[in-house]
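What follows is one structure encoded as structure tokens, with my remarks underneath.
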């Protein structure tokens, strides 16, 4: 028996060694305060569906006797070829493929022997060939025969794509299809009366296929096309349940026409080289609109905005032909302007705006009303300021507008200004006295974290590890102390990201924190802006600085990958 299966057998054996007496004690200990076991079974299964693999689901068995029973009947089967073959160690390709097919065969057999249904089947295939295609068809057919509701099929193949078995399109139980790297034949007969969600990623389609889907799948609510090919015109109509449509970078697509009386979300992303006409008829129902359209003019945007008076969220990214626009709405709650590099003026009249995010190299927006934002993130990059005392031209205009913006935001309690440059970061606790250091790579963020200090540090340090972190606050403020405690009082081996080796948070990399004397550090490389701090004695007096040391990211990732291979912590399917 190969090592992967020995690992599974060992896990099962260890679980069985727990005596009934010990489990009874565990149950009695939590019985008096066990509220989660009172949840209905379908809710518990829904919670389990968010976990990455069976190992995580198995860990929930310690919660109570009911959860111990529930995870064994968990009906989401996840088979990731790469993960399973990685656990098998170094073998030739043929043996690795056989290990994967045997693993899936045995897992499906074990699941069906217990007479369990299949809620969802996930197949992530990284080494696809014609031999494996036969096994895949068998697995999918078994799942369909056992009333599978969702299929998530991801095939990594650069040349020929996987041809889907016709049984998929005759299922009376499937409600969700997520297909990646597959082939859909125009002539295939489609009858999916319960299909609600259809996601097509790197799938070759044409209008005939779409027409077949629409005519035979009347309950579709969520329709997404991502990097699909073969489609010149996308026409969608006649779907009364349709709630969401997304189209992302579909090469060759020239026209989109959507007629949906109850559509609430539309999302389009296209490159500037892709000219795509969009005709969207949603009968005033649309609430969320996201556009990344490099060919949308001011007039086109204003016409679209006028068509949807009840819009609550608007996201404009890389709309590089926009120059002068007006956004006026009493319903608008969230607004994002990101990377619209030629935007000169955006006049915003949205008195009920709750959240605003901006990213760009200038400040082309203005607000007609005082702001009471609950969430805000503004990133200005790069800001080329020669010196605080020698502002001129565009720099002076930019600085004046920033001042006006900060003035409007004073009444939005809790906003903090984050100033970044090279390896330095300064957090201004309030927006009263702000000075900008004379750096050419300056980045500013005005943030109000919805969950306070911890959320702020997570946002700031997750992908960027500064050498110096400074806090500017009033002498009576507790904020610098709280920042220091949050960074110092962390466990040596935090378990906050135990099950994710690739996306660890800052707590896993932070090696040390020391309070830094600013004036003593004046000659150090990281304090190029010391003259700026000294130019304002008030700011200098209110500044607390910390020197942070970090573990190298690549070294830590290599270490975790090696540990994962030597001691696998996940099983890729339900036993």
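Numbering (the working numbering), first residue to last: 1088 to 1662. Idealized CB from N, CA, C, for every residue including glycine.
Exposure label - residue i; buried when at least 16 CB within 10 Å
{"i": "residue 1515", "result": "buried"}
{"i": "residue 1357", "result": "buried"}
{"i": "residue 1567", "result": "buried"}
{"i": "residue 1258", "result": "buried"}
{"i": "residue 1167", "result": "buried"}
{"i": "residue 1431", "result": "exposed"}
{"i": "residue 1640", "result": "exposed"}
{"i": "residue 1396", "result": "exposed"}
{"i": "residue 1411", "result": "exposed"}
{"i": "residue 1593", "result": "buried"}
{"i": "residue 1511", "result": "buried"}
{"i": "residue 1603", "result": "buried"}
{"i": "residue 1227", "result": "buried"}
{"i": "residue 1561", "result": "exposed"}
Nonlocal neighbours in the same chain, by C-beta distance under 6 Å from residue i, ignoring five residues either side
{"i": "residue 1262", "result": "1236, 1281 and 1283"}
{"i": "residue 1467", "result": "1531"}
{"i": "residue 1304", "result": "1279 and 1282"}
{"i": "residue 1313", "result": "1288 and 1335"}
{"i": "residue 1401", "result": "1376 and 1422"}
{"i": "residue 1442", "result": "1421 and 1462"}
{"i": "residue 1330", "result": "1308 and 1351"}
{"i": "residue 1488", "result": "1450"}
{"i": "residue 1570", "result": "1558"}
Straight-line Cα distance separating residue j from residue i
{"i": "residue 1370", "j": "residue 1239", "result": "33 Å"}
{"i": "residue 1415", "j": "residue 1429", "result": "20 Å"}
{"i": "residue 1243", "j": "residue 1187", "result": "16 Å"}
{"i": "residue 1200", "j": "residue 1425", "result": "53 Å"}
{"i": "residue 1434", "j": "residue 1451", "result": "9 Å"}
{"i": "residue 1405", "j": "residue 1380", "result": "7 Å"}
{"i": "residue 1223", "j": "residue 1343", "result": "34 Å"}
{"i": "residue 1572", "j": "residue 1464", "result": "25 Å"}
{"i": "residue 1563", "j": "residue 1517", "result": "13 Å"}
{"i": "residue 1264", "j": "residue 1206", "result": "12 Å"}
{"i": "residue 1337", "j": "residue 1598", "result": "45 Å"}
{"i": "residue 1596", "j": "residue 1269", "result": "40 Å"}
{"i": "residue 1248", "j": "residue 1398", "result": "39 Å"}
{"i": "residue 1212", "j": "residue 1231", "result": "19 Å"}
{"i": "residue 1494", "j": "residue 1502", "result": "12 Å"}
{"i": "residue 1323", "j": "residue 1298", "result": "8 Å"}
{"i": "residue 1209", "j": "residue 1163", "result": "8 Å"}
{"i": "residue 1577", "j": "residue 1448", "result": "36 Å"}
{"i": "residue 1339", "j": "residue 1364", "result": "12 Å"}
{"i": "residue 1455", "j": "residue 1496", "result": "13 Å"}
Contacts around residue i, its chain only, beta-carbon distance under 7 Å, and the 5 residues preceding and following it disregarded
{"i": "residue 1292", "result": "1271, 1315, 1317 and 1318"}
{"i": "residue 1273", "result": "1293, 1295 and 1296"}
{"i": "residue 1575", "result": "1600"}
{"i": "residue 1372", "result": "1348, 1349, 1350 and 1351"}
{"i": "residue 1507", "result": "1530"}
{"i": "residue 1388", "result": "1409 and 1412"}
{"i": "residue 1229", "result": "1195"}
Given residue i as reference, the closest of the options once Cα atoms are compared
{"i": "residue 1279", "options": "1409, 1255 and 1296", "result": "1255"}
{"i": "residue 1601", "options": "1447, 1577 and 1633", "result": "1633"}
{"i": "residue 1418", "options": "1392, 1226, 1507 and 1549", "result": "1392"}
{"i": "residue 1438", "options": "1431, 1445 and 1461", "result": "1461"}
{"i": "residue 1218", "options": "1260, 1185 and 1277", "result": "1185"}
{"i": "residue 1635", "options": "1565, 1556 and 1576", "result": "1556"}
{"i": "residue 1355", "options": "1630, 1321, 1266 and 1250", "result": "1321"}
{"i": "residue 1035", "options": "1311, 1276 and 1290", "result": "Look at the range of the chain in this structure, 1088 to 1662, and you will see that residue 1035 is not part of it."}
{"i": "residue 1165", "options": "1241, 1534, 1376 and 1290", "result": "1241"}
{"i": "residue 1553", "options": "1638, 1453, 1496 and 1485", "result": "1638"}
{"i": "residue 1182", "options": "1547, 1214, 1162 and 1209", "result": "1214"}
{"i": "residue 1260", "options": "1509, 1234, 1202 and 1550", "result": "1234"}
{"i": "residue 1374", "options": "1385, 1386 and 1394", "result": "1394"}
Beta-carbon proximity list for residue i, same chain, < 8 Å, skipping 5 on both sides
{"i": "residue 1642", "result": "none"}
{"i": "residue 1362", "result": "1341 and 1382"}
{"i": "residue 1328", "result": "1283, 1305, 1306, 1307, 1308 and 1349"}
{"i": "residue 1359", "result": "1381, 1382, 1405 and 1407"}
The ligand ADP heavy atom lying under 7 Å from the CB of residue i
{"i": "residue 1271", "result": "In the structure shown, the ligand ADP is absent, as is every other ligand, since no ligand is present at all."}
Beta strand (DSSP E) runs contained entirely in the segment 1249-1306, provided each spans 3 or more residues: 1263-1267 and 1284-1288
Quick check on the DSSP output: what are the complete beta strand (DSSP E) runs of length 3 or more inside the segment 1327-1359, in order along the chain? 1331-1335, 1342-1346 and 1352-1357
Alpha helix (DSSP H) runs wholly inside the segment 1530-1570, at least 4 long, in chain order: 1540-1548
Those runs of the beta strand (DSSP E) which lie wholly inside the segment 1389-1436 and span at least 3 residues: 1400-1404, 1411-1415, 1421-1425 and 1432-1436
At which residue ranges does the segment 1161-1226 contain complete alpha helix (DSSP H) runs of 4 or more residues, listed in the order of the chain? 1168-1174 and 1180-1200
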